[in-house]
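Numbering (the numbering used here), first residue to last: 9 to 115.
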């Protein structure tokens, strides 16, 4: 066995022993740390923009009032006529070659 074969064999064996999940995770974390340190404005935006919008939505929710929905409005127990608008009324537009009831706002 030549010296080159011995060197190649030991380096490949060492490489297989060193190639673990922890080494990949550690290198990816190190890469991420370097990127975050080199771009502090982008890192700050990644944290502050979502925080701002979460706080904004929370404040808007606190400022709104609770709407009281009457009983029978959303169930089938009450048979009174509702105030909704049906888009599929027969009084919609007519197209000669379409044999179906079209929505009122079509075309």
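Here a beta-carbon is modelled for each residue, glycine too, at the ideal position from N, C-alpha and C.
Source: prediction; values computed, not measured.
Taking the beta carbon of residue i as the centre, do at least 16 other beta carbons fall within 10 Å, making it buried, or is it exposed?
i	result
residue 114	In this prediction, residue 114 has a pLDDT of 47, which is less than 50 and means its spatial position is unreliable; nothing more can be read from the coordinates.
residue 10	exposed
What residue range is occupied by the uninterrupted alpha helix (DSSP H) comprising residue i?
i	result
residue 57	48–71
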